[in-house]
Amino acid sequence: MKRLGRDFFSRSALILAQKILGKHVVRRYRGRKIVGKIVEVEAYYSAKDRASHAYGGKRTKRNRAEYLPGGHVYIYLVYGMHWQFNISTGPAGHPECLLVRAVEPVKGFLDRAASGPGKFCKAFHLNKSFYGEDLTRSKRLWLEENKTKVKVQRGPRIGIDYAGPYWAKVLWRFWVKDNRYVSK
Numbered sequence: 002m003k004r005l006g007r008d009f010f011s012r013s014a015l016i017l018a019q020k021i022l023g024k025h026v027v028r029r030y031r032g033r034k035i036v037g038k039i040v041e042v043e044a045y046y047s048a049k050d051r052a053s054h055a056y057g058g059k060r061t062k063r064n065r066a067e068y069l070p071g072g073h074v075y076i077y078l079v080y081g082m083h084w085q086f087n088i089s090t091g092p093a094g095h096p097e098c099l100l101v102r103a104v105e106p107v108k109g110f111l112d113r114a115a116s117g118p119g120k121f122c123k124a125f126h127l128n129k130s131f132y133g134e135d136l137t138r139s140k141r142l143w144l145e146e147n148k149t150k151v152k153v154q155r156g157p158r159i160g161i162d163y164a165g166p167y168w169a170k171v172l173w174r175f176w177v178k179d180n181r182y183v184s185k
């Protein structure tokens, strides 16, 4: 399979959210490959998005990866125990990203569930050491093309009521229709 390059990730999070579904995420771990098909993502679009960590143009040590050119990892811990894996999108300096919410097992981790952002990170052994990793060059984590066509559904993002009624209801969560690995 062909590795996805910078051109793929350089598009808007809202466009990329639908195009990334069905692509394979590949992790080299202890001499083997773990592969999963991306089946659910959420878009966080620009400094205007009240659910984004970069809302209002905020720049912190935690969110600096959101400002990197598309294709970099933005990973952080929530509730002190669950890693959340995001991919920066768009041009450098414009904070957009996609949260990978769920993957369908393809190879190497069939004994672990990956239907939820924390479960995905656990199944792929992802942690803070991946912060800022360039998916277009990394030898331990990347995305590959997968020509399988998918039907996309969309709805509101999950767990962002704090952002207010408009942002909590915007339809920026995308998933593969009828896929059993989509988070509940």
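Residue numbers for the sequence shown follow the numbering used here, beginning at 2 and rising by one.
For each residue, glycine too, the CB sits at the ideal point set by N, CA and C.
Residue state for residue 135 is assigned as strand, using DSSP reduced to three classes.
Straight across, the Cα-Cα distance linking residue 63 with residue 101 is about 18 Å. Cβ-Cβ separation between residue 41 and residue 184: approximately 6 Å, consistent with a contact (criterion under 8 Å). Taking C-beta atoms as the reference points, residue 55 and residue 158 fail to come closer than 8 Å.
105 is the residue among 128, 105, 109 whose C-alpha sits nearest the C-alpha of residue 117. For residue 118, DSSP assigns no beta-bridge partner whatsoever.
If the five residues before and after residue 147 are omitted, its C-beta is found closer than 8 Å to the C-beta atoms of 2, 23, 24, 25, 38, all from its own chain and listed in chain order. When only Cα atoms are considered, residue 92 and residue 149 end up about 27 Å apart. Per DSSP, the unbroken alpha helix (DSSP H) holding residue 166 starts and ends at 166-170.
A straight line joining the alpha-carbon of residue 30 with that of residue 126 spans about 8 Å. With at least 16 other beta carbons inside 10 angstroms of its own, residue 21 counts as buried. Unbroken alpha helix (DSSP H) runs of no fewer than 4 residues, entirely contained in the stretch 16-100, are not found.
The beta carbons of residue 15 and residue 173 sit closer together than 8 Å. For residue 50, same chain residues with a beta-carbon under 7 Å away, outside a window of 5 residues either side, are 56, 168 in chain order.
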